[in-house]
Each structure stands twice: as structure tokens, then as C-alpha cells.
Amino acid sequence: MGKYVVRRLLWMVVVLFFVSVITFLLAFAVPGDPAKSIAGTHATPEVLQRIRTSLGLDLPLWKQFGLYLWHLLHGSMGYSYETQLPVTTAILERFPATIMIAVYGILFELLIGIPVGMMSALRQYSIRDRAFTVLSLVFLSLPGFFLGMMLMYFLAYKVQIFPLGGYEGWAAPLYGILPGLTVGLGGAAWYSRLLRSSMLDILSADYVKAARAKGLPERTVVWRHIMRNAWSPIVTLLGMDVGWFLGGVLVIEVVFGIPGIGWQAWNAIQTQDLPLIMGTVLFAALLVTISNFVVDLAYTWLDPRVKYS
Amino acid sequence: MRLRRTVMVALMLAALAALALGLAACGGSSDSGGGGGASTTPVKGGTLTVTYQGEPTELDPAIAWEITSWSIERLTYEGLLSYVPEAGTAGAELAPELATEVPTAENGGVSADARTYTFHIRKGVKFAPPVDREVTAKDFKYSFERMMVEPLAPATFFYTGVVGAQDFIDGKAKEIKGYRVVDDYTVQITLEKPDGAFLYAMTMPFTSVLPKEWVDKVGKQIKRKPLGTGPFVIDSWTPGQKIVATRNPNYWDTGKPYLDGINFDLTANPSTALLRLERGEVDVLGDGIPSADYLRTKQDPTWGKYVSDAPEIATFYVFMNVKEKPFTDVKVRQAVNYAINTARIQKLLAGQAKALNQILPDGMPGYEANKQFYTYDAAKAKQLLADAGFPNGFKTTFYGHNVEPFPKLAQAVQNDLAAVGINASIKLMDKATYWDFISLPQSHAGIGLTDWYQDFPDPSDFVGPLYTHPIEGGSNANFYQNAEVDKLYAASNSELDPAKRIAMFAQMQDIIMADAPSAILYQPVWNGMYGKNVGGYYYHAVWQLQFQWMWKLDGK
Numbered sequence: 125m126g127k128y129v130v131r132r133l134l135w136m137v138v139v140l141f142f143v144s145v146i147t148f149l150l151a152f153a154v155p156g157d158p159a160k161s162i163a164g165t166h167a168t169p170e171v172l173q174r175i176r177t178s179l180g181l182d183l184p185l186w187k188q189f190g191l192y193l194w195h196l197l198h199g200s201m202g203y204s205y206e207t208q209l210p211v212t213t214a215i216l217e218r219f220p221a222t223i224m225i226a227v228y229g230i231l232f233e234l235l236i237g238i239p240v241g242m243m244s245a246l247r248q249y250s251i252r253d254r255a256f257t258v259l260s261l262v263f264l265s266l267p268g269f270f271l272g273m274m275l276m277y278f279l280a281y282k283v284q285i286f287p288l289g290g291y292e293g294w295a296a297p298l299y300g301i302l303p304g305l306t307v308g309l310g311g312a313a314w315y316s317r318l319l320r321s322s323m324l325d326i327l328s329a330d331y332v333k334a335a336r337a338k339g340l341p342e343r344t345v346v347w348r349h350i351m352r353n354a355w356s357p358i359v360t361l362l363g364m365d366v367g368w369f370l371g372g373v374l375v376i377e378v379v380f381g382i383p384g385i386g387w388q389a390w391n392a393i394q395t396q397d398l399p400l401i402m403g404t405v406l407f408a409a410l411l412v413t414i415s416n417f418v419v420d421l422a423y424t425w426l427d428p429r430v431k432y433s
Numbered sequence: 306m307r308l309r310r311t312v313m314v315a316l317m318l319a320a321l322a323a324l325a326l327g328l329a330a331c332g333g334s335s336d337s338g339g340g341g342g343a344s345t346t347p348v349k350g351g352t353l354t355v356t357y358q359g360e361p362t363e364l365d366p367a368i369a370w371e372i373t374s375w376s377i378e379r380l381t382y383e384g385l386l387s388y389v390p391e392a393g394t395a396g397a398e399l400a401p402e403l404a405t406e407v408p409t410a411e412n413g414g415v416s417a418d419a420r421t422y423t424f425h426i427r428k429g430v431k432f433a434p435p436v437d438r439e440v441t442a443k444d445f446k447y448s449f450e451r452m453m454v455e456p457l458a459p460a461t462f463f464y465t466g467v468v469g470a471q472d473f474i475d476g477k478a479k480e481i482k483g484y485r486v487v488d489d490y491t492v493q494i495t496l497e498k499p500d501g502a503f504l505y506a507m508t509m510p511f512t513s514v515l516p517k518e519w520v521d522k523v524g525k526q527i528k529r530k531p532l533g534t535g536p537f538v539i540d541s542w543t544p545g546q547k548i549v550a551t552r553n554p555n556y557w558d559t560g561k562p563y564l565d566g567i568n569f570d571l572t573a574n575p576s577t578a579l580l581r582l583e584r585g586e587v588d589v590l591g592d593g594i595p596s597a598d599y600l601r602t603k604q605d606p607t608w609g610k611y612v613s614d615a616p617e618i619a620t621f622y623v624f625m626n627v628k629e630k631p632f633t634d635v636k637v638r639q640a641v642n643y644a645i646n647t648a649r650i651q652k653l654l655a656g657q658a659k660a661l662n663q664i665l666p667d668g669m670p671g672y673e674a675n676k677q678f679y680t681y682d683a684a685k686a687k688q689l690l691a692d693a694g695f696p697n698g699f700k701t702t703f704y705g706h707n708v709e710p711f712p713k714l715a716q717a718v719q720n721d722l723a724a725v726g727i728n729a730s731i732k733l734m735d736k737a738t739y740w741d742f743i744s745l746p747q748s749h750a751g752i753g754l755t756d757w758y759q760d761f762p763d764p765s766d767f768v769g770p771l772y773t774h775p776i777e778g779g780s781n782a783n784f785y786q787n788a789e790v791d792k793l794y795a796a797s798n799s800e801l802d803p804a805k806r807i808a809m810f811a812q813m814q815d816i817i818m819a820d821a822p823s824a825i826l827y828q829p830v831w832n833g834m835y836g837k838n839v840g841g842y843y844y845h846a847v848w849q850l851q852f853q854w855m856w857k858l859d860g861k
């Protein structure tokens, strides 16, 4: 097990290295001049040249990448071209807002998706099951920005339960509910579909029939025999979602005015703020790899048959 | 069965909670009523709430250049000169700010050779707390020199004409020789050669005054911790969330400002900001009305009167690169001018565009209200094309960036060009790439869209960068040059009589319009909106929204 953990951690470093190479090359393959984004269209060529020199944009590409890696090894992701803030600061300043949406999103996914999936599976082909199937398809296919605007219109404008977008920090958790619900409803649809099919596979298994035949109460059958085995795909998906949401759900952040790292990255792309773009991608990649790693470890606890060596 | 019951209970509880919350929220709604921004007697007190989608990159006056940064920056920073604080064209007139008067030839502020400017500084102006010290001439010189050597300063080129400025930037001199501190309340600036727009350049926030001890103390944090002499101080800036400003107790103009504070909400999506304004939670839309909501709001019986439409001093136009065939031929360029149905484009932009048919927009001195240069005439366009040797038209690529309204404009122009036989395929790119692309001769971009917003209300700001001295990476996407225009432009710089100088620009405009390097499409209109409780709202020709001089009708 210890060996396995070390190997996985080393692989994470390799993955992150390649992610940074790819983002660096992609960012620099895009034509355009970051100096022009910084100084605006009115700036003269001399001014632009001075800005390029001061940011090291006139160095050869390999040298820029070398410097980038060198700073990375020393724990610095560089400075944003636009604000001149350290990229790490810029990301950490915006991260709490992103975490809030991620927490709500995951909470809603699980709270809605799991009961719905269970109810569908336990009454396969019932009216309830069919209704949930149709609803899942609706929420899966609705674009996030549209669902978000609808929720905001009805629950914040027509009926004034929630604020009309914005973010006031963790002290005002009400601001996170609608964006969280928007992310969560789409996700819940996935979870319920996944859980339904994985439970249906198990429901017809011999050991479930045996459990029922020996007169175990239904609750014990469902929780101890069925659910225990149906969890793994859910946990896999959850691991992906944690990483994905913490990387910033861009559309939702923009629609609801949540100043998270997704929105910040969107701005950075528009102004060609390369250090900030690369920093955010690397940060998100780090989160995804970590949460996947945690999920893999969780399997050993969920399913004693799984062993890593 | 058990499972089902649990879920039902949970759902019922959730519904109850939602209902309770909903009732509580409904009780809180209110309608302030009132007479809107028309009232002219300012009321003291109260806090103004302004929405923006996104935050300024920084509030360092040496660096920030976007108008939204300026609108917030101007709460805190002031310079020697500004503009008359009035709506309409009056707002384009120079006015003293921390200087006691605008230097002119009559008051002895401008020397006979038009190279030396003398500014007298207002006495008793103090920096905001905690600096609390009187501002002197030395502070102005310090602030100016600091800006000139800031590596990211975008606008040093406006001031490199000051004697010794280039040497100072290059590190060959310890100070800018041409910026002299005469005594505590007088500075004198000498230029290498006359520059008719210099006083306008001195209004730009790049020349704002700030105290050295504060810059030294906060270091890099100066970007988010501004401190100057303005009517407000920036109390706090929560990244991405909000900026809170409160009244500056040291402000020199007694009785002002009227507001106690201004809160900037930086998380507001423009559409929801509008809904919040209608609900009374927001006072001014910093980003204006989103185009999709404009007509509905403008025609609304209650809210229509709170919509404030004002032409911006800017133009959207089609550039034609005079170095690229077939646009080398003036007849082809004139044909494009006749071919475009600009009235239809203005209709397409419903409320966001005003007719404009010349280089200088309405509100800019030199604008010729009575002149019509080109009017839509497809037959004439075809005739000109035939005369130029293209009786069947030609094929070309029409360039633009992919942010509205450019894609919409590109399609409209493409249709009009097709009608006279010019077969244009549209090529759009992202904004950052695009501005770079059209500024380089090696891109060979023959025709495309561009726009220009004023830096200051002097016609040299349009004619100079757009129609003289084409250089690689510059703003003259037409790569246009005309010896006669260049001569007049040079002469205008040493002309001290403002009326004569403006007449020269009208003359330059006539020459350029005859050469037709550009086809002017329209002048953009700013669709602003304020709440029922706001007084003193107007759109300023240069500063746009001046939150610092607004007030709340109920003083709350």
C-alpha cells in the first residue's frame, strides 16, 4: 500500500508536468500580443516594446518556459500580467467563492440524485421511475446558464427568496444556494441514472434474493446488501466532480456573479494573461488528480476486495 | 416503504422552509418613489450603490487606462486640470482642478512660443488621511516622474515631448529637466516643440498627484490602496467582490461631496443588476443597460425616464488599407463609402448608435454639423467601381473581432457590399489577436472593422493616431498618409488661437474624407440607467459616470 501511494504521487508530478507543458505551448501558440491587452489599443509601439521587455515577453520561447518551470520548482507560479499580483495570491483570493459553489453543488447532487436513483431502481418501470427518467433527461440537456437564469428569475426575482446573484463571502451562505442548485440539478440527473442502473444489476443478483428469502427486513436488504455494492460508480463520479467543480464552473460563476477562479480564468483568457491562465489550469489539474487519488484510496475501504500493491 | 416516507417528510420540510423564507423576503420590499435625477438641489448624506461585472485591474493612476478604472480612480485622485462638470458638449471644456486656472496665452500661462506652460497650484489642498499633509509643487513633479518610469505605464507617449523626459526614461538623467518646481505653488513645464493637445494630456488621470511617503510605505500594494486628494477615500477592496469608498474628511472643496459613501458591487451580471435596480437595491448601473434589455426598459412607462442615452465621443468605422489592392484606388474606397447603408445599421443597433458621417464625432470640436460627405447610393457605388476597372466587382476578405457588435456589423456591411458586386468573406478573430493583426502591414488586411474612443476632447486625438504617420503596430489601420494633412497637423500644434486651430482640423477632415480611407458607420450611444433615488446623474463627455458628484434624493 505504501509503495502504491508513493508511485501514485510520482505519477501525479509527471501528469502535472505534462499539463504545464501543454498549456504553455497552447497559450503561446495563440497569436496576439499580451502587451496590447495590458496597455490598450492606443499605446504606441515604443510603449508596447517597453512592456514586453519588462515582462520578459521578448525572450525566446524555451527561455520563457525554462524560467516558468524554474519558478514553479521554487513554489511560484509567476505574476499576473494584468494586475501584477502573484498568481498564487490571485487564485487563492478567488478560491473560497469557488469552494462555496462546489460544496453546494455536490451536496445537491447527492441529496437529490441518490434518493431519486434509489426510488427509480426499487420500482423499475413504475410511473415514478418513468417520471424521474424524463426529468433527468430534461436536466441533463438544459444548458447551465439557462437553468441558472430560470431559477434566478423565479426564485430570486418573482418570489424573492434568494438574492439576485452576487457573492458576499462565506458569512452569507444564501448566495451560494441557487448557483449550487444549478450545478447540482444537472449533476443529480447523472447520479440518479448511474445509481439506478448499478442498483438494477445488483437487484437481480442471487445474494439479494437469498437475503430476501431468509426474511431480512427490506431496509437491511437495501442498505447492507444492495447499496454497499452500488456505491463504487457513484464514488468515482464524485471524485471527478470534486476536482471539476473546484476548478471553477465558469458559466455558472459568470451568470450568478460569483467571483471564483473560473470567472477569473475567463477574464484572463480574454486579456491573454498567460501566467494566470497557466496557473489556473495547473491548479485545477492538481485538484482533479488529488481527488482521483483520494477516490482510489476510498475503494479499498468501500470494497475490501480491492487491494493495491 | 420507510424510505419513501422519509423522503416525503424531507420534501415537505424543504417546502415549508422555502415558504417561510419567501414570506420574510416579500415583507422587505419597498418602493421609494420620488422625482428621479431631475432635481437640482443636492441632498447631503446617504450611500450610493453601483454595480459592475468585474473589478478594475488596478487603481494605480500611472497604469490604469480603462474608463471603468478611471470612474473609480477619480474618486480618490485628482490632477491639475479637468473638465467643466456638466452634461453635453460643455463637459468637453477644460477647467482647473488642483490648479487655480487653465493656462492660456492671455493669463500668461502659455508662453508666446507655445512651449512653456505655467500652472499655479491651489493652496490648502491636503492629502487624505493618514497622510494629512498639504500638497505642493514637489508632489506633482514626483508623481509625474514616477509615472514616466513605471514599466507598465501605457501612456507615456503623451508626455515624451516634455524637455528631458526621454532622457529620464532612458536613465540618462536624474530628473525631468523640463518639469520645473518654481515655488511651492507653481510648476512650469517646457516642451521640445509646441503641442496643441498638451493641456488635454494634462487632464488625463496619469498625471494625478499622490504622496511619495504613501507610495514608499505601501509599495506594490499601491494598486489596491490608492491615496490622493479626491472627494472620497477607498476604505476597502475585497478582491472580486466589492470596493467601499467613504467621504474624504480633508477634501478641499468644502460642502462636497454630498454622499457619505459609495459601494461598488463588482459581481453584478448586467441583466440581474437591472432587475436589482428596479427593485431599489441598486442606484446606478456601472455597465449600463445590456443591449437585450434596452428597448423594453426604454419603453417602460415607469422606468423609461430613468434611462439616460448619451452619444459617446467615439466612432465605429470600416478601415481600408490604402497600401492593399484594390483599396489603393480612391474610387474603390469611395464606392465602399457609398455602398454601405448606415441608416439600416443604426436601426439594427436600436438605440445604441447615432448617425455619423465624418471622422470627428458629434461633441468633438471640429465636428461639422452641416456637412454630408457620403450618403447611401448603391448606383453611384457601382458606377465608381466600374470607373475603377471593376464593373463586376471583386472578391475580398472582410476582417473583424468576434465581440458584439462587430459580428453583427460585419454581416450588415457584407450584405451591402454584395449588393454592389463586392464579394466579401468575413473573417473574425478574438479581440486580443485582432488589434495586433490589423496594426501590422504584413497581415495585408485590406478592409475590416475598427473603432476609436477619445482620450481627450481634442480633434488631434482622432486625426493624429488614425490618419497620420502610419507605423507598424500603430493605430492607423488604414496606413493612410497625406502630405497636406501632415503639414496642417504640424501647423496646428503651434497655433495658439483655439478657433483657428479647430478650423484647421475641419480642413484636415475634409481632405481625409475626400481620400476616403475609412467608411464611417456610426457614433456609439451609451445607454445608462439610474434609480429613482438618485440625484445629479448625467453622462459626462469625458469622465462618463461621475459617481463622486451624485447624491441620494432622500439622503439615505
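Chains A and B are the protein sequences, given in the same order.
For the first sequence, the numbering used here begins at 125 and goes up steadily by one.
For the second sequence, the numbering used here begins at 306 and goes up steadily by one.
Ideal Cβ positions, reconstructed from N, Cα and C, are used throughout, including at glycine.
Residue range of the alpha helix (DSSP H) that includes residue i
i, result
"residue 255 of chain A", "251 to 265"
"residue 145 of chain A", "126 to 153"
"residue 568 of chain B", "No alpha helix (DSSP H) holds residue 568 of chain B; the beta strand (DSSP E) holding it covers 566 to 570."
Opposing strand residues paired with residue i [DSSP bridges]
i, result
"residue 485 of chain B", "B:493"
"residue 728 of chain B", "B:700"
"residue 421 of chain B", "B:495"
"residue 552 of chain B", "B:537"
"residue 315 of chain A", "Bridge partners of residue 315 of chain A: none, in fact."
"residue 162 of chain A", "Answer is none; residue 162 of chain A lacks a bridge partner."
Cβ shell of residue i (< 7 angstroms), same chain only, five flanking positions each side left out
i, result
"residue 471 of chain B", "465"
"residue 832 of chain B", "593, 594, 599, 612, 614, 656, 657"
"residue 253 of chain A", "244, 247"
"residue 324 of chain B", "Since pLDDT at residue 324 of chain B reaches only 40, below the 50 mark, its modelled position is unreliable, and no value is offered."
"residue 178 of chain A", "none"
"residue 328 of chain B", "Bear in mind that a pLDDT of 37 at residue 328 of chain B, under 50, signals an unreliable position, so the number given afterwards is only what the model happens to contain. Here the set comprises nothing."
"residue 138 of chain A", "none"
"residue 721 of chain B", "644, 645, 646"
Same chain, Cβ closer than 8 angstroms to residue i, five either side skipped, listed in chain order
i, result
"residue 663 of chain B", "672, 673, 676, 678, 814, 818, 825"
"residue 827 of chain B", "620, 621, 647, 650, 651, 654, 658, 659, 660, 661"
"residue 430 of chain B", "403, 439, 440, 534, 557"
"residue 780 of chain B", "744, 757, 770, 771"
"residue 602 of chain B", "579, 594, 608, 609, 612, 834"
Beta-carbon gap between residue i and residue j smaller than 8 angstroms
i, j, result
"residue 628 of chain B", "residue 516 of chain B", "no"
"residue 640 of chain B", "residue 725 of chain B", "yes"
"residue 313 of chain A", "residue 264 of chain A", "yes"
"residue 286 of chain A", "residue 271 of chain A", "no"
"residue 513 of chain B", "residue 448 of chain B", "yes"
"residue 373 of chain A", "residue 307 of chain A", "yes"
"residue 608 of chain B", "residue 583 of chain B", "yes"
"residue 778 of chain B", "residue 348 of chain B", "no"
"residue 395 of chain A", "residue 161 of chain A", "yes"
Where the beta strand (DSSP E) containing residue i begins and where it ends
i, result
"residue 823 of chain B", "823 to 834"
"residue 602 of chain B", "Note, residue 602 of chain B: premise wrong, no beta strand (DSSP E); alpha helix (DSSP H) at 596 to 603."
"residue 616 of chain B", "612 to 616"
"residue 387 of chain B", "386 to 388"
"residue 623 of chain B", "619 to 625"
Contact set for residue i: own chain, Cβ-Cβ below 6 angstroms, skip 5 residues either direction
i, result
"residue 845 of chain B", "396, 851"
"residue 397 of chain A", "204, 205, 206"
"residue 336 of chain B", "Confidence at residue 336 of chain B is low in this model, with a pLDDT of 31, below 50, so its placement is unreliable and the value that follows should be read with caution. Within the same chain, residue 336 of chain B has no close Cβ partners at all."
"residue 333 of chain B", "Low confidence applies to residue 333 of chain B: its pLDDT is 33, below 50, so where it sits in the model is not reliable, and the reading given next is rough at best. Excluding sequence neighbours, residue 333 of chain B sits near nothing in its chain."
Proximity test, Cβ basis, 8 angstroms: residue i and chain E
i, result
"residue 778 of chain B", "No chain E appears in this structure, whose protein chains are A and B."
Quiz item: Considering only residues of the stretch 174 to 210 of chain A, which uninterrupted beta strand (DSSP E) runs meet the minimum length of 3 residues and lie entirely inside it, listed in chain order?
Solution: none
Quiz item: Where in the stretch 260 to 308 of chain A do unbroken runs of the alpha helix (DSSP H), each at least 4 residues long, occur, reported from the N-terminal end onward?
Solution: 268 to 276
Practice problem: Entirely within the stretch 331 to 410 of chain A and at least 4 residues each: give me those alpha helix (DSSP H) ranges in chain order. | Solution: 352 to 370, 374 to 380, 385 to 394
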